[in-house]
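Worksheet: one structure, shown below.
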Amino acid sequence: MNRFIFGENPIDRLKRKVKEFEEERDSLKFQLNENEEKMGHSSISLAHVESSRLMYQAVIEERKCKIRSIYSPNNIHIKLFITIITPTVKAIRIILISTQFSYIFVSFFSKFLKASIYNTSLSNWSLNVK
1 MNRFIFGENP IDRLKRKVKE FEEERDSLKF QLNENEEKMG HSSISLAHVE
51 SSRLMYQAVI EERKCKIRSI YSPNNIHIKL FITIITPTVK AIRIILISTQ
101 FSYIFVSFFS KFLKASIYNT SLSNWSLNVK
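Here you go:
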C-alpha cells in the first residue's frame with residue numbers, strides 16, 4: 001500500500017492515496033454487508049478510513065488552490081519580477097558594501113602609505129642634510 005515512486009507529483013500522490021482509501025472503504029463496506037456479526041468493528045474501521053479519505057481530499061483541494069494562485073497570470077509576472085529583481089538588488093548591495101569597504105581600506109591604506117612616504121622622505125632629507 002505504501003509505494004514510493006520517484007518523480008511523482010505531490011497531487012498525483014495524494015490522489016493515489018485517496019484512491020487507496022476509497023478501495024479500502026469499498027472492501028470494508030463489502031465486509032460490512034457480508035457479515036453483520038463484525039458490524040461494530042467494520043463500521044469503526046469504515047469511519048476511520050472515510051475520515052482519512054476526506055482529509056486527503058481536503059489536502060488535494062488546498063494544494064490545487066495554492067497551485068492555481070501561484071501560476072495565475074498575474075502572479076507569474078510578480079514572481080518573475082521578484083526572481084529577476086531580488087538577485088540584482090542583492091548584487092547591488094554587495095557591490096555597494098564592497099565598494100564602501102574598499103574605499104575605507106584604500107583611504108586608510110593611502111593615509112598610512114602617505115605617512116610612511118612622508119617619514120621616509122624626511123629621514124632621507126635629514127640624512128642628506130647631515
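In the UniProt record's numbering, the protein residues as written are 1 to 130. Where is the CB? At the ideal position from N, CA and C, for every residue including glycine. Computed from a prediction, not measured in an experiment: that's the story for all the values here.
Does the Cβ-Cβ distance between residue i and residue j come in under 8 Å?
i     : j     : result
Arg53 : Glu22 : yes
Glu50 : Arg25 : yes
Where does residue i land, buried or exposed, given buried means 16+ other C-beta within 10 angstroms?
i     : result
Lys17 : buried
Considering only heavy atoms of the ligand HEM, does any lie closer than 7 Å to the CB of residue i?
i     : result
Val18 : Among the components of this structure there are no ligands whatsoever, and the ligand HEM is therefore not found.
Grab me the residues of residue i's own chain with a C-beta within less than 8 Å of its C-beta, minus the 5 sequence neighbours each way, in chain order.
i     : result
Lys15 : Ile60
Tyr56 : Leu14, Lys17, Val18, Phe21
His48 : none
For residue i, which residues in the same chain have their Cβ closer than 7 Å to its Cβ, ignoring the five residues on either side in sequence?
i     : result
Ser27 : none
Within the same chain, show all residues whose beta-carbon is closer than 6 Å to that of residue i, passing over the 5 residues directly before and after it, in chain order.
i      : result
Ser121 : A caution first: Ser121 carries a pLDDT of 47, below 50, which makes its placement in the model unreliable, though a value can still be read off. None.
Ala58  : none
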